[in-house]
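Protein chains: 2
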Amino acid sequence: MNKKIEVVLTPALLPLYQVQGKNVVIIDVLRATSSICVAFFNGVNKILPVSTPEECMMFKDFDFLCAAERNAIKLPGFDMGNSPFEFQNPLLKERNIAFTTTNGTKAIKQSKELGAGKIIIGSFLNIAVLVNWLKKQQQDIILLCAGWKDKANLEDTLFAGAVVQALRDDYALDCDSAMMAAHLYQHMQNDLEAHVRLSSHAQRFKALHAAEDDVRFCLQMNTAPALPIMQGEYLINTLALTA
Amino acid sequence: MNKKIEVVLTPALLPLYQVQGKNVVIIDVLRATSSICVAFFNGVNKILPVSTPEECMMFKDFDFLCAAERNAIKLPGFDMGNSPFEFQNPLLKERNIAFTTTNGTKAIKQSKELGAGKIIIGSFLNIAVLVNWLKKQQQDIILLCAGWKDKANLEDTLFAGAVVQALRDDYALDCDSAMMAAHLYQHMQNDLEAHVRLSSHAQRFKALHAAEDDVRFCLQMNTAPALPIMQGEYLINTLALTA
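Protein chains in written order, with my numbering: chain G, 82 to 324; chain C, 82 to 324.
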């Protein structure tokens with residue numbers, strides 16, 4: 082029997098799913114998982130997802146760079162916020178980063194607590210590498226949309242749909258959320274940016290007069306091929322390890 | 082400023098929304114809210130949504146008909162399950178019904194506890210009557226999909242999308258779930274049945290060798306115009322009151 086692929090539209094729904102042992106892909110397109118791919122593509126050594134800004138700041142003493150965002154805004158006193166442009170800096174090479182974001186790090190922690198097999202970072206920027214790796218694993222897959230404050234959002238659902246589309250011939254699709262996500266992606270893929278610009282999160286960016294360019298950046302395909310996977314407490318770029 | 086319309090994809094997400102005072106439309110297309118419309122269209126007097134089969138059965142002593150379904154199956158000893166065909170019986174005229182279903186009655190109770198303004202029953206069978214009434218109210222609207230065991234499902238999302246489509250010119254749409262639902266409906270509306278037959282719930286029906294005709298029945302437009310609204314503990318057909 083085929084392995085299963087399921088889409089969880091927000092972390093609030095994750096406890097309804099059988100997570101134990103499954104590979105969980107964390108999706109926070111605007112912007113945490115996009116920025117993580119960019120960081121690794123630019124040579125970052127490892128990333129430590131932490132829950133709170135206070136916890137994040139503690140790692141300054143251990144020569145980490147510290148990145149913290151809340152409500153789409155970089156917190157004062159931190160090296161970086163959550164914009165992918167901040168992670169393109171060549172000075173990041175070989176550095177370690179402690180990272181806390183509104184939705185992304187929470188989804189990682191929660192997957193861990195529920196006994197996920199492997200926890201992988203997904204974004205449009207690394208989609209081909211991700212899909213190829215998932216195909217090879219032959220494991221049940223949960224695509225976990227980080228959403229916005231536990232509500233579903235368009236951009237994460239669309240990315241989940243893109244992955245479902247790419248894998249649907251090889252996996253059993255017994256999940257309405259996966260069907261809906263794939264259908265949405267299929268009909269929006271030729272004009273992703275226009276659709277995502279109408280989404281509530283993009284509107285939120287606009288209201289902040291910030292991060293508008295981030296929307297376009299985060300919808301590019303395969304511009305930051307990396308394969309960040311949780312190993313212990315850290316995200317490591319396993320693509321670098323196997324290359 | 083325009084009033085808001087939001088879609089809640091499953092009851093598990095309802096606590097994230099500001100429900101107080103808003104009109105909440107309960108959506109359980111397969112099959113509770115469809116059957117409720119059919120019951121009222123066939124002259125039922127009032128319907129009492131109850132939580133458990135045990136509670137439901139107690140109302141036999143008060144001359145209620147008792148309807149109970151769990152996991153898509155009619156429970157033994159009850160007058161009816163959850164199939165709309167069972168509610169087309171002319172013997173139901175003027176009768177009272179106590180009704181408990183897997184997902185539908187739970188969504189009603191929860192909306193009440195969170196302080197909803199009016200709680201209205203929605204299905205394709207009464208969509209025009211519902212939409213006209215909502216337009217006249219000029220209140221914020223929450224479209225609450227009953228889903229399946231707290232997961233999102235296709236048929237309820239599609240119905241929510243149909244209502245959003247009908248109202249979007251008059252309401253503010255600051256909700257990605259509403260955008261997604263409307264988009265899905267727009268692209269599936271010409272072949273609703275084929276799409277819904279692929280959904281997990283329709284597949285569940287198929288596995289039970291039951292209720293397959295119910296899918297087609299519940300996707301008909303405006304064949305049971307009724308406007309069931311909670312008044313105190315009961316659902317009443319307010320269309321009958323104003324006609």
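For glycine and all other residues, C-beta sits at the position ideal for the given N, C-alpha and C.
| request: Answer yes if the stretch 88-102 of chain C comes into contact with the stretch 223-243 of chain C, meaning at least three C-beta pairs across the two stretches below 8 Å, and no otherwise. | output: Three or more beta-carbon pairs drawn from the stretch 223-243 of chain C and the stretch 88-102 of chain C are found closer than 8 Å, and the two stretches are therefore classed as touching.
| query | Taking Cβ-Cβ distances below 7 Å as the criterion, which residues of the stretch 102-125 of chain C are in contact with chain G? | reply | none
| field | Through-space distance from A283/C to A263/G, alpha-carbon basis | value | The residue labelled residue 263/G in the question sits at position 182 within the first sequence. The residue labelled residue 283/C in the question sits at position 202 within the second sequence. Their Cα atoms are separated by approximately 18 Å.
| query | Three-state secondary structure (DSSP) at F145/C? | reply | By 1-based counting over the second sequence, the position of residue 145/C is 64. F145/C falls in the coil class under three-state DSSP.
| Length of the line joining the Cα atoms of A188/G and K199/G | Position 107 of the first sequence, counting from 1, holds the residue named residue 188/G. Position 118 of the first sequence, counting from 1, holds the residue named residue 199/G. In a straight line, the C-alpha of A188/G is about 13 Å away from that of K199/G.
| Buried versus exposed, by CB contacts within 10 Å (16 or more), A324/G | Within the first sequence, numbered from 1, the residue matching residue 324/G stands at position 243. With a pLDDT of only 45 at A324/G, under the threshold of 50, the placement of this residue in the model should not be trusted, and no figure is reported.
| C-alpha gap between F298/G and Q270/G, whole angstroms | Counting from 1 along the first sequence, the entry for residue 298/G is found at position 217. Counting from 1 along the first sequence, the entry for residue 270/G is found at position 189. Going from the Cα of F298/G to the Cα of Q270/G covers about 15 Å.
| said: What does the alpha-carbon distance come out to for the pair D255/C and I86/C? | reply: In the second sequence, residue 255/C corresponds to position 174, counting from 1. In the second sequence, residue 86/C corresponds to position 5, counting from 1. The alpha-carbon atoms of D255/C and I86/C are separated by roughly 8 Å.
| query | Where does N171/G fall in DSSP's three states? | reply | Within the first sequence, numbered from 1, the residue matching residue 171/G stands at position 90. Checking the sequence shown, residue 171/G turns out to be Pro, not Asn. In this structure, P171/G counts as helix in the three-state DSSP scheme.
| request: For the stretch 103-112 of chain C and the stretch 220-230 of chain C, state whether three or more C-beta atom pairs, one from each stretch, are separated by less than 8 Å. | output: yes
| said: Within the continuous beta strand (DSSP E) that includes G203/C, where are the two ends? | reply: The count along the second sequence starts at 1 and reaches residue 203/C at position 122. Element bounds for G203/C: I200 to G203.
| request: Would you decide whether L265/G is buried or exposed? Buried here means 16 or more other CB atoms lie within 10 Å of its CB. | output: For the purposes of this step, residue 265/G is taken as residue 184 along the first sequence, with counting starting at 1. Classification of L265/G: buried, given that the 10 Å Cβ count is 16 or more.
| field | Within chain G, partners of T238/C - CB distance below 7 Å | value | Numbered from its first residue, the second sequence carries residue 238/C at position 157. M261, listed in chain order.
| request: For L248/C, return the contacting residues in chain G, with the cut-off set at a CB-CB distance below 8 Å. | output: Within the second sequence, residue 248/C is the residue found at index 167, counting from 1. The contacting residues do not exist; L248/C stays about 17 Å from chain G at best.
| So, do the stretch 124-134 of chain C and the stretch 169-178 of chain C have three or more beta carbon pairs nearer to each other than 8 Å? | yes
| task | Determine which residues share a DSSP beta bridge with W229/C and list them. | result | Against the second sequence, residue 229/C aligns to sequence position 148. According to DSSP, W229/C bridges with K232/C.
| said: Let me see if you follow: with CB-CB separation under 8 Å, is D231/G close to chain C or not? | reply: Start at 1 with the first residue of the first sequence, and residue 231/G comes out as number 150. With 8 Å as the cut-off, D231/G counts as an interface residue toward chain C.
| query | Do you know how far the Cα of Q267/C is from the Cα of L173/C? | reply | Locating residue 173/C in the second sequence gives position 92, where the first residue counts as 1. Locating residue 267/C in the second sequence gives position 186, where the first residue counts as 1. Their backbone Cα atoms lie some 36 Å apart in a straight line.
| Closer than 8 Å, CB to CB, is A93/G near chain C or not? | Translated into the one-based positions of the first sequence, residue 93/G becomes position 12. Output row for A93/G: interface = yes.
| Opposing strand residues paired with L316/G [DSSP bridges] | Position 235 of the first sequence, counted from the first residue, corresponds to residue 316/G. Answer is I128/G and M311/G, bridged to L316/G.
| message | Under 8 Å: do the stretch 204-213 of chain C and the stretch 308-323 of chain G share three or more Cβ pairs, one atom per stretch? | response | no
| said: By the DSSP assignment, the beta strand (DSSP E) with F180/G in it spans what residues? | reply: One-based indexing of the first sequence puts residue 180/G at position 99. Note, F180/G: beta strand (DSSP E), N177 to T181.
| request: Please name the residue in A233/C, K193/C and V245/C whose C-alpha comes closest to that of I208/C. | output: Here residue 208/C corresponds to residue number 127 of the second sequence, with the count starting at 1. When only C-alpha atoms are compared, the closest one is V245/C.
| field | Helix, strand or coil at V88/C according to DSSP, with G and I counted as helix | value | Looking up residue 88/C in the second sequence gives position 7. In the structure shown, V88/C sits in a strand (DSSP, three-state: E or B).
| task | Answer with buried or exposed for F168/C, where buried requires no fewer than 16 other C-beta atoms within 10 angstroms of its C-beta. | result | As a first step, residue 168/C must be located in the second sequence, where it is residue number 87. F168/C is buried by the Cβ-count criterion.
| task | Return no unless some Cβ of chain C is closer than 8 Å to the Cβ of N234/G. | result | Looking up residue 234/G in the first sequence gives position 153. So, interface residue.
| query | Which two residues bound the contiguous beta strand (DSSP E) that contains N104/C? | reply | Start at 1 with the first residue of the second sequence, and residue 104/C comes out as number 23. N104/C -> beta strand (DSSP E) spans N104 to I108.
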